[in-house]
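Here the protein sequences come in this chain order: A and B.
Counting from 1 along the first sequence, just add 810 to a position and that's the residue number in the numbering used here.
Counting from 1 along the second sequence, just add 6 to a position and that's the residue number in the numbering used here.
Worksheet: the structure to be examined is printed underneath.
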Amino acid sequence: MHELSITRNIVAIVSEQAQGSRVTRVALEIGRLPAVMPDAIRFCFDVCSRGTSLEGAHLEITETSGCFLCKNCFSEKKTDEFFARCECGSTDLECIAGKELRIKEMEVV
Amino acid sequence: MCTTCGCGKDARPTLTNMNGDKVANIQIHDHHHIHSHDQAHEPHHHHPPALGTIISLEKEILAKNNMLAARNRTWFEEKNILALNLVSSPGSGKTTLLERTIRDLGDETEISVIEGDQETENDAARIRRTGCRVVQINTGTGCHLESNMLARGVEELQPPANSIVMIENVGNLVCPALFDLGERAKVLIFSVTEGEDKPQKYPHMFRAAEIVILNKTDLLPYIKFDMEKCIQFIRQVNPGVRIVPLSATGGEGLNPWYGWLRERHKEGSSNLTL
């Protein structure tokens with residue numbers, strides 16, 4: 811249940827930035843690779859935001875797909891699987907996208 | 007414990023210094039969310055966004071954890087301490103491997119231990135019997151250690167310069183992969199009784215590790231475990247990882263593990279003289 815810990819971080823960061831203003835929207839970017847479930851974040855967000863300036867805020871989550879760079883033939887491969895194999899046969903792939911855990915923006919009134 | 011969000015009145019992380027019986031509460035964060043513990047949650051309701059000021063943040067959610075981890079890492083490097091994050095599923099033999107390693111290498115290098123478990127001080131008590139420094143962090147409902155808990159643990163532990171600090175993370179093959187503690191490397195302990203397809207089931211952790219210990223090899227004659235296939239699965243997820251099959255209870259295969267520890271510890275010292 812690491813989503814609870816992640817969501818507490820989200821609420822803490824946004825509350826600090828809002829400086830007492832009411833937050834109406836929070837936009838997140840979450841990669842498909844780090845085993846973080848957007849549904850679990852939504853569930854935890856409802857709970858963690860109660861009694862804070864984020865209570866009732868609309869939560870927008872954009873999921874980003876995984877992308878790896880093959881260290882053998884330098885081609886890019888889009889996949890959400892960690893045990894992917896490049897067409898050239900190599901399994902030595904470096905993750906270049908899909909690991910994001912970022913707060914993009916927020917809206918305050 | 008509240009089954010709605012996992013919170014609990016007495017579920018805050020606590021720290022026990024086994025060297026002096028001191029108990030201190032670590033405050034990780036304010037547990038400020040309020041919800042009724044008598045009722046089930048209402049279904050999710052999302053409000054349409056109101057018109058307002060849009061503030062671009064572009065902030066990493068785990069920035070605070072990563073910043074504190076970087077601070078821990080610098081502290082370890084300055085003291086030439088090799089800090090290792092030991093990760094595994096529960097019951098893979100982490101504590102047994104630690105007991106054995108401390109007994110065998112304790113004379114050449116001081117080893118101290120930070121134990122992470124949800125509950126009990128059992129593991130710390132076992133390590134304490136080897137005579138080394140140990141502190142226990144109980145995470146309560148938390149499923150992994152975070153860098154601020156480690157910072158408090160290290161403060162209590164006070165490991166000497168040029169030593170090794172073993173951080174035994176909470177037995178869990180999912181969450182600890184996400185939370186950097188400031189360690190030099192993650193050591194994954196995986197026992198042959200867990201089945202050869204664990205690397206495929208938990209690829210994140212296997213990818214994050216620098217060395218995989220395949221423990222309990224003494225049980226191989228009694229179980230169905232395809233060693234070759236397992237190594238192939240590990241390599242698919244993490245091609246460059248070091249794999250060391252051994253038996254922490256029987257003692258077979260320990261030398262390559264000790265060799266790796268000495269090598270990594272020496273690397274730190276050579277960096278210092280540069």
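Ideal Cβ positions, reconstructed from N, Cα and C, are used throughout, including at glycine.
Residue B:Ser153 holds the alpha-carbon nearest to the alpha-carbon of Leu187 of chain B among B:Ser153, B:Leu88, B:Pro209, B:Pro166.
Shortest Cα-Cα distance from Lys65 of chain B to any of A:Val824, A:Pro848, A:Glu813 involves A:Val824.
Approximately 5 angstroms separates the beta-carbon atoms of Glu202 of chain B and Asp232 of chain B; this is inside 8 angstroms, confirming the contact. Excluding sequence positions up to five before and after Pro19 of chain B, its CB lies within less than 7 angstroms of the CB of Ile32, Ile34, Ile143, Asn144, Thr145, Gly146, Gly148, Met155, all in the same chain and listed in chain order. Taking a C-beta cut-off of 8 angstroms against chain B, the contacting residues of the segment 840–854 of chain A are Leu843, Pro844, Ala845, Val846, Arg852, Phe853, Cys854, listed in chain order. At a cut-off of 8 angstroms between C-beta atoms, Arg77 of chain B does not count as an interface residue with respect to chain A. DSSP places Phe196 of chain B in the uninterrupted beta strand (DSSP E) bounded by 191–197. Contact with chain B is absent for Glu904 of chain A, since none of that chain's Cβ atoms lies less than 8 angstroms from the residue's Cβ. Boundaries of the beta strand (DSSP E) harbouring Leu88 of chain B: 88–93, taken from the DSSP string.
Sequence-ordered contacts of the segment 196–215 of chain B with chain A read Gln206, Pro209, His210, Arg213 [C-beta pairs closer than 7 angstroms]. Around the beta carbon of Cys883 of chain A, fewer than 16 other beta carbons sit within 10 angstroms, so the residue counts as exposed.
The beta-bridge partner set that DSSP reports for Asp186 of chain B is empty. Counting other Cβ atoms within 10 Å of its Cβ, Ala867 of chain A reaches 16 or more and is therefore classed as buried.
Between Asn91 of chain B and Lys192 of chain B, the C-beta spacing is below 8 angstroms.
Along the length of the segment 812–836 of chain A, whole alpha helix (DSSP H) runs at least 4 residues long occupy 812–828, reported in chain order. If you keep only unbroken alpha helix (DSSP H) runs of at least 4 residues inside the segment 139–163 of chain B, you get 153–163.
Pairing Leu111 of chain B with Ile133 of chain B, the inter-Cα distance amounts to about 14 angstroms. Contact check for Lys222 of chain B against Val198 of chain B passes: the beta carbons are separated by less than 8 angstroms.
Each of B:Cys181, B:Ile60, B:Ile120, B:Trp263 was checked against the Cα of Arg248 of chain B, and the nearest Cα belongs to B:Trp263. Per DSSP, the continuous beta strand (DSSP E) segment holding Ile217 of chain B begins and ends at 217–221.
Neighbours of Leu911 of chain A in chain B, taken as residues at a C-beta separation under 9 angstroms, are given in chain order as Glu66, Ile67, Leu68, Leu184. Per the coordinates, the alpha-carbon of Leu864 of chain A lies some 11 angstroms from the alpha-carbon of Glu826 of chain A. Identification of residues in the segment 137–160 of chain B having a C-beta nearer than 9 angstroms to some C-beta of chain A yields Thr147, Gly148, Cys149, His150, Glu152, given in sequence order. Every unbroken stretch of the beta strand (DSSP E) spanning 3 or more residues and falling wholly within the segment 71–124 of chain B is given here in chain order: 88–93, 117–123. The beta-carbon of Gln829 of chain A is placed no less than 8 angstroms from the nearest beta-carbon of chain B.
If you draw a straight line from the Cα of Lys888 of chain A to the Cα of Phe878 of chain A, it comes to about 6 angstroms. Contact annotation: Met211 of chain B and Leu226 of chain B have beta-carbon atoms that are not nearer than 8 angstroms.
DSSP assignment within the segment 229–266 of chain B yields the following whole beta strand (DSSP E) runs of 3 residues or more, N-terminal first: 248–251. In chain order, Met811, His812, Ser815, Ala845 make up the part of chain A whose C-beta sits under 9 angstroms from the C-beta of Cys181 of chain B. Rounded to whole angstroms, the separation of the alpha carbons of Val171 of chain B and Ser62 of chain B is 40 angstroms. The C-beta of Leu63 of chain B comes closer than 8 angstroms to at least one C-beta of chain A.
Following the DSSP letters along the chain, one finds Arg134 of chain B in no beta strand (DSSP E) but inside the alpha helix (DSSP H) bounded by residues 128–134. Taking 8 angstroms as the upper bound for CB-CB distance, Ser95 of chain B and Leu179 of chain B are in contact here, some 5 angstroms apart. Considering only B:Leu163, B:Ile60, B:Ile108, the residue with the shortest C-alpha distance to Ser831 of chain A is B:Ile60.
A distance below 7 angstroms between beta-carbons, with the five flanking residues on each side excluded, links Ser169 of chain B to the following residues of its chain, in chain order: Ile87, Thr115, Glu116, Ile117, Ser118. One thing to note: Gly908 of chain A has its Cβ no nearer than 8 angstroms to the Cβ of Leu838 of chain A.
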